[in-house]
Amino acid sequence: MSYPTPLYSHAGRGHFRDVYEPAEDSFLLMDALEKDAQKLQLLSPSVCVEVGSGSGVVSAFLASIVGPSALYICTDVNPEAAQCTKETASCNRVSLQPVVTDLVGSRGIEAAWAGGKRGREVTDRFLPLVSQLLSADGLFYLIAVAENDPEEIIRSLGNYGLTGESCLSTRARNERLSVLRFHRKGT
Ligand SMILES: C[S@@+](CC[C@H](N)C(=O)[O-])C[C@H]1O[C@@H](n2cnc3c(N)ncnc32)[C@H](O)[C@@H]1O
Numbered sequence: 345m346s347y348p349t350p351l352y353s354h355a356g357r358g359h360f361r362d363v364y365e366p367a368e369d370s371f372l373l374m375d376a377l378e379k380d381a382q383k384l385q386l387l388s389p390s391v392c393v394e395v396g397s398g399s400g401v402v403s404a405f406l407a408s409i410v411g412p413s414a415l416y417i418c419t420d421v422n423p424e425a426a427q428c429t430k431e432t433a434s435c436n437r438v439s440l441q442p443v444v445t446d447l448v449g450s451r452g453i454e455a456a457w458a459g460g461k462r463g464r465e466v467t468d469r470f471l472p473l474v475s476q477l478l479s480a481d482g483l484f485y486l487i488a489v490a491e492n493d494p495e496e497i498i499r500s501l502g503n504y505g506l507t508g509e510s511c512l513s514t515r516a517r518n519e520r521l522s523v524l525r526f527h528r529k530g531t
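For the sequence shown, the working numbering begins at 345 and goes up steadily by one.
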């Protein structure tokens, strides 16, 4: 089954001009979630968290797959992103809870960014929190470019009891983009 891309034409312009407009990384993450739709529906998570939600399009997409029984928390440091996420929720008739915060104030399953050494300044602050936040059968999705050294991220989360693999990848504007998916070892 295929799921429509949520409406997001308000992102990156007007009142939301400083909000990240969905791009190849957002679409790749949505493709990975769509590929895992059955798995996610069987999992039936009660809480889904997107760290760095920007427009909120990815969480709106996840909500269309998993349905309204889950609580969708969307964190972002940018207050405009929180407003934009609210607008995206309303346009797409889903319920998302934006929270303006650094990283997480709650439980988490997905994230992505650049900046710092190997482009991993924010990701490296977040990785140690993942195993504390992820439920026993939860899934964590992370977008990485080759410069982020995805293999090292997989090794590093292995030390926190998580098993990971690249579940989807593509080449966009000369960058190799991968979606990494993690779960707890032995589950
Ligand atoms: C590349 S955008 C991705 C947006 C969205 N996930 C998507 O795929 O379209 C990264 C987002 O992370 C947010 N961000 C950056 N640092 C953050 C932090 N420390 N805590 C929470 N959000 C952060 C940015 O404001 C931005 O909206």
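Note that CB positions come from ideal geometry on N, CA and C, so glycine has one too.
Asked: CB-CB length for alanine 355 against cysteine 428, believed under 8 Å; Found: 6 Å
Asked: Delimiting residues of the alpha helix (DSSP H) encompassing serine 434; Found: 423 to 435
Asked: Residues bridged to threonine 514 (per DSSP); Found: Leu521
Asked: Histidine 527 in three-state terms, based on DSSP; Found: strand
Asked: Cβ pair count under 8 Å reaching 3, the region 414 to 433 against the region 375 to 394; Found: yes
Asked: Inter-residue spacing [alpha-carbon to alpha-carbon] between glycine 573 and glutamate 519; Found: Only positions 345 to 531 of the chain appear in this structure, which leaves residue 573 out of reach.
Asked: Proline 366 Cβ short of 7 Å to ligand 1 heavy atom set; Found: yes
Asked: Spatial neighbours of leucine 471 in its chain, beta-carbon cut-off 8 Å, leaving aside the 5 residues before and after; Found: Ile497, Ser500, Leu501 and Tyr504
Asked: Ligand 1 heavy atom lying under 7 Å from the CB of threonine 432; Found: no
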